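Reading through the structure tokens given below for one structure.
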Amino acid sequence: MIRLTESIHVNRPVEPVFRYTADFGRTQEWDPGVVSSKPASPGNPGVGSIYNLVLKFGPFRPEMRYEILAYIPFSKVILKGTADSFSAVDTICFSPTGTGTRIDYLAEIEFSGFLNRMDLFMSPVLKETGRNAITGLRHKLSNGICPAPGSRRFASGSGLIDYMADHMILPGMLAFGRPGYEIRRRFWTENRETLYGKRVVITGGTSGIGKAVALKLAKKRADLTIIARNRQKAAAVQKEIIEQTGNPHVDFLLADLGVMADIKRVAVRLLEKKKSIDILINNAGALFNDREETSEGLERTFATDLLGVFYLTERLKSRFSRCGSARIINVSSGGMYTQKIDVDDLQNKQLPYNGAKAYARAKRGVVILTRLWAEQLCDAGIAVHAMHPGWVDTPGIASALPGFHSRLNSILRTPEQGADTIVWLASAREAGLKTGLFWLDRQPRETHVFPNTVESETERQTLWQTLNRLTADT
Ligand SMILES: NC(=O)c1ccc[n+]([C@@H]2O[C@H](COP(=O)([O-])OP(=O)(O)OC[C@H]3O[C@@H](n4cnc5c(N)ncnc54)[C@H](OP(=O)(O)O)[C@@H]3O)[C@@H](O)[C@H]2O)c1
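Under this note's numbering, the first residue of the sequence shown is numbered 23, with each subsequent residue one higher.
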């Protein structure tokens with residue numbers, strides 16, 4: 023259990039302070055972590071009153087139901103809040119002082135399931151969230167004299183990290199990890215659509231999420247081509263998929279997707295076939311902790327995670343099926359929430375190089391491309407999606423982020439869970455009716471959590487032109 027305690031003093035008499043604070047239908051007015059709060063029972067606040075709250079966890083909006091357990095006018099109110107994966111008991115005590123009212127706020131938070139084991143990790147994040155709430159209450163009760171919460175500036179690195187923790191780590195634990203998947207899947211119906219006769223191209227189908235996607239697509243009877251860089255791995259995966267699914271229409275082509283000449287060669291092979299492409303899944307990707315350049319002199323993260331995606335898609339664009347069911351699915355990452363695209367330094371030349379940042383920027387770029395392609399291709403009936411698979415236990419994450427992998431191992435998704443939304447976007451009828459969105463767990467999500475990560479139209483166009491220029495002579 024995590025216990026949070028905060029005390030404030032406000033220059034108002036205890037009675038109106040008590041009445042205002044105990045009415046949880048008004049928490050939205052002072053707690054920046056609450057999107058909406060509404061009474062769900064009739065009458066004035068009292069024991070048994072119920073409130074429905076929608077909370078703000080980064081891009082997610084979990085719901086919480088509060089009930090008043092004790093209501094002792096002008097001195098104490100106790101509420102119990104329940105959400106999907108945690109519960110909280112809030113005890114708020116009020117005491118008159120010579121100049122106003124002192125409020126002592128105690129919140130006792132308990133997580134269910136394996137989140138229970140993450141107390142140490144969650145504690146600082148929740149403390150900051152609680153502090154923001156109580157500062158908001160003080161601000162509200164002091165007629166706006168105190169600084170409003172959420173107006174922190176990020177002069178210091180730790181301020182920024184705290185802010186990111188508030189907005190990313192807790193939502194991440196709840197939504198990007200396995201709990202998020204398990205909660206949301208309760209609302210899904212089984213995705214039974216088949217891909218019989220559909221020509222599907224997937225990159226990075228030899229490991230992790232891509233391999234799980236390839237297997238599921240083959241089960242749906244797709245005519246599948248895997249683009250891979252390692253012949254032995256590709257042949258072994260092809261054999262395994264055919265044996266497991268009985269679908270003989272699984273082949274592979276070899277290319278290093280960070281090398282534009284390889285992409286050009288493989289695209290020519292794909293275009294040789296008369297049959298149009300129904301679905302392209304740009305899944306291959308990697309996080310490189312050291313800055314290196316490819317044989318073509320391109321920085322590796324940028325080349326593999328962004329330029330390669332652009333070039334392969336552009337080369338194949340003319341061959342997409344025009345019968346209204348074609349789809350392009352770009353695998354991005356929630357990491358992109360932390361970064362804005364830097365169109366002046368796409369190749370991460372500015373030192374010091376930071377692998378996670380370079381990766382997040384490339385994945386941000388993929389989301390921008392998704393929107394641009396969606397605009398260009400919508401008249402042709404081609405749906406373009408970007409998605410985040412969640413935090414998934416794969417060889418890629420284990421080798422690139424060993425610390426993250428071992429600390430969060432118990433809440434990482436399986437590759438099959440990470441693959442779910444990609445397969446759904448590829449096959450569900452409903453997913454073909456939308457375009458240009460960013461998905462997690464079969465739901466469109468916001469593309470920005472931090473306002474300073476939003477790119478301008480000029481930056482979007484610069485990105486497009488730069489990628490075009492860098493691939494023009496290949
Ligand atoms: N795992 C997560 O938590 C997570 C979270 C957010 C986003 N993602 C994204 O999900 C996608 C799949 O990642 P994963 O976690 O499944 O990683 P993974 O297990 O390392 O699989 C990555 C796949 O991409 C291939 N690949 C990488 N670089 C390549 C290149 N230059 N040329 C050709 N193929 C290349 C790999 O081939 P080899 O088998 O030859 O290595 C492998 O098949 C990536 O785009 C990743 O950024 C993952």
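Beta carbons are placed, not taken as given, at the ideal position from N, Cα and C, and that holds for glycine. Values in this document were obtained by computation on a predicted structure and should not be read as measured data.
If you draw a straight line from the C-alpha of M186 to the C-alpha of T360, how long is it?
Sequence index remark: in the sequence shown, residue 186 carries index 164 (1-based). Sequence index remark: in the sequence shown, residue 360 carries index 338 (1-based). Low confidence applies here, because M186 scores a pLDDT of 43, under 50, leaving its location unreliable; read the following figure in that light. Straight-line Cα distance between these residues: approximately 8 Å.
What does a CB cutoff of less than 7 Å around R243 pick up in its chain, not counting 5 residues either side in sequence?
Numbered from 1 along the sequence shown, position 221 holds the residue referred to as residue 243. Around R243: T216, L217, Y218, N269.
Start-end ranges of the beta strand (DSSP E) lying completely within the region 201-266, minimum 3 residues:
221-225, 245-250
When you compare each of N311, W52, Q260 to H161 by their alpha carbons, which one comes out closest?
Looking up residue 161 in the sequence shown gives position 139. Comparing Cα positions, the closest option is W52.
Distance cutoff 9 Å, beta carbons only. Does T43 sit that close to anything in chain B?
The structure shown contains no chain B; it is built from a single protein chain.
Taking C-beta to C-beta, are I350 and T326 nearer than 9 Å?
Residue 350 sits at position 328 when you count from the first residue of the sequence shown. Residue 326 sits at position 304 when you count from the first residue of the sequence shown. Result no, Cβ atoms of I350 and T326 do not sit closer than 9 Å.
Look at the Cβ atom of G440, then the Cβ atom of I248, and state whether they are nearer than 9 Å.
The residue given as residue 440 occupies position 418 in the sequence shown. The residue given as residue 248 occupies position 226 in the sequence shown. In this structure, I248 does not lie closer than 9 Å to G440 by Cβ.
What residue does the alpha helix (DSSP H) around E336 start on, and which one ends it?
In the sequence shown, residue 336 corresponds to position 314, counting from 1. Note, E336: alpha helix (DSSP H), 330-338.
Compare the beta carbon distance of F472 and A408 with 9 Å and say whether it is the shorter of the two.
Reading the sequence shown from its first residue, position 450 is the one you call residue 472. Reading the sequence shown from its first residue, position 386 is the one you call residue 408. Against a cut-off of 9 Å, the Cβ pair of A408 and F472 comes out as no contact.
Residue(s) in a DSSP beta bridge with D126
On the sequence shown, position 104 is the one that residue 126 refers to. Its beta-bridge partners are S29, C115.
Please say whether A450 and R464 have beta carbons closer to each other than 9 Å?
For this step, residue 464 is matched to residue 442 along the sequence shown. For this step, residue 450 is matched to residue 428 along the sequence shown. A contact, by the Cβ cut-off of 9 Å.
Does any heavy atom of ligand 1 sit closer than 8 Å to the C-beta of D278?
Here residue 278 corresponds to residue number 256 of the sequence shown, with the count starting at 1. Because some heavy atom of ligand 1 lies under 8 Å away, the Cβ of D278 counts as near it: yes.
Paired residues, beta bridge with V281 - DSSP:
The sequence position of residue 281 within the sequence shown is 259, counting from 1. In DSSP, V281 forms no bridge with anything.
With a 10 Å radius around its C-beta and 16 neighbouring C-beta atoms as the bar for buried, classify K261 as buried or exposed.
Along the sequence shown, one-based indexing puts residue 261 at 239. K261 comes out exposed.
Reference K379; option with closest CA among T323, P424, G425, L399
Counted from its first residue, the sequence shown places residue 379 at position 357. Measuring from the Cα of K379, the nearest candidate turns out to be T323.
Should W395 be listed as close to ligand 1, given that the test is whether its C-beta is under 8 Å from any heavy atom?
Numbered from its first residue, the sequence shown carries residue 395 at position 373. W395 Cβ: outside cutoff for every heavy atom of ligand 1.
In or out: P35 buried (at least 16 other Cβ within 10 Å) or exposed?
Residue mapping note: residue 35 aligns to position 13 of the sequence shown, counting from 1. Answer is exposed; the Cβ neighbour count stays below 16.
Y381, DSSP secondary structure in three states:
By 1-based counting over the sequence shown, the position of residue 381 is 359. Y381: helix per DSSP, three-state reduction.
Does DSSP put I419 in a helix, in a strand, or in coil?
Here residue 419 is taken as the residue at index 397 of the sequence shown, counted from 1. Helix.
For R344, tell me which candidate among V476, L101, K233, K220 has the shortest Cα-Cα distance.
Numbered from its first residue, the sequence shown carries residue 344 at position 322. Closest by alpha carbon: K220.
Helix, strand or coil for P466 per DSSP?
Here residue 466 refers to the residue found at position 444 of the sequence shown. P466 falls in the strand class under three-state DSSP.
Residue interval of the alpha helix (DSSP H) (run including R429)
Locating residue 429 in the sequence shown gives position 407, counting from the first residue. Here the alpha helix (DSSP H) through R429 covers 424-429.
With a threshold of 7 Å on Cβ separation, who are the neighbours of E130 within its own chain once the five nearest residues in sequence on each side are excluded?
Residue 130 sits at position 108 when you count from the first residue of the sequence shown. Cβ neighbours of E130 beyond the five flanking positions: M23, R25, A110, V111.
Grab me the residues of G454's own chain with a C-beta within less than 7 Å of its C-beta, minus the 5 sequence neighbours each way, in chain order.
Your numbering for residue 454 matches position 432 in the sequence shown. Within the same chain, G454 has close Cβ partners S347, R349, A405.
Whose CA, out of K456, K78, Y93, lies closest to the CA of C400?
Locating residue 400 in the sequence shown gives position 378, counting from the first residue. The option with the nearest alpha carbon to C400 is K456.
Could you check whether the Cβ of R251 sits closer than 8 Å to any heavy atom belonging to ligand 1?
What you label residue 251 is simply residue 229 of the sequence shown in a count that begins at 1. Yes, since a heavy atom of ligand 1 falls inside the 8 Å radius drawn around the Cβ of R251.
Does the beta-carbon distance from G86 to T113 come in below 9 Å?
Here the question's residue 86 lines up with position 64 in the sequence shown. Here the question's residue 113 lines up with position 91 in the sequence shown. Residue identity check: residue 86 is Met in the sequence provided, not Gly. No.
State yes or no: is the C-beta of V353 nearer than 8 Å to some heavy atom of ligand 1?
On the sequence shown, position 331 is the one that residue 353 refers to. Because some heavy atom of ligand 1 lies under 8 Å away, the Cβ of V353 counts as near it: yes.
Could you check the C-alpha separation between F133 and A62 for me, to the nearest Å?
To locate residue 133, count along the sequence shown from 1; it is residue 111. To locate residue 62, count along the sequence shown from 1; it is residue 40. Distance between the alpha carbons of F133 and A62 is about 24 Å.
Considering just the uninterrupted stretch of the beta strand (DSSP E) at S432, what are its terminal residues?
Mapped onto the sequence shown, residue 432 falls at position 410. Here S432 belongs to no beta strand (DSSP E), and DSSP marks it neither H nor E.
Check whether the region 27-34 touches the region 116-129, counting contact only when three or more Cβ pairs, one atom from each stretch, lie closer than 8 Å.
yes
If you run the structure through DSSP and keep just helix, strand and coil, what is V39?
Position 17 of the sequence shown holds residue 39. Of the three classes helix, strand and coil, the one that applies to V39 here is helix, per DSSP.
Does the distance from the C-beta atom of G68 to that of S59 stay below 9 Å?
For the purposes of this step, residue 68 is taken as the residue at position 46 of the sequence shown. For the purposes of this step, residue 59 is taken as the residue at position 37 of the sequence shown. Going by C-beta atoms, G68 is not nearer than 9 Å to S59.
Going residue by residue through the region 64-98, where are the continuous beta strand (DSSP E) segments of at least 3 residues, counting only ones entirely within it?
72-77, 85-94
Proximity winner among G120, G227, D284, P118, relative to L302 (alpha-carbon distances):
On the sequence shown, residue 302 is found 280 positions in, with the first residue counted as 1. L302 has its Cα closest to that of G227, out of G120, G227, D284, P118.
Got a sec? Which residues, its chain only, sit under 7 Å from R153 by beta carbon, not counting five neighbours each side?
Locating residue 153 in the sequence shown gives position 131, where the first residue counts as 1. Cβ neighbours of R153 beyond the five flanking positions: E28.
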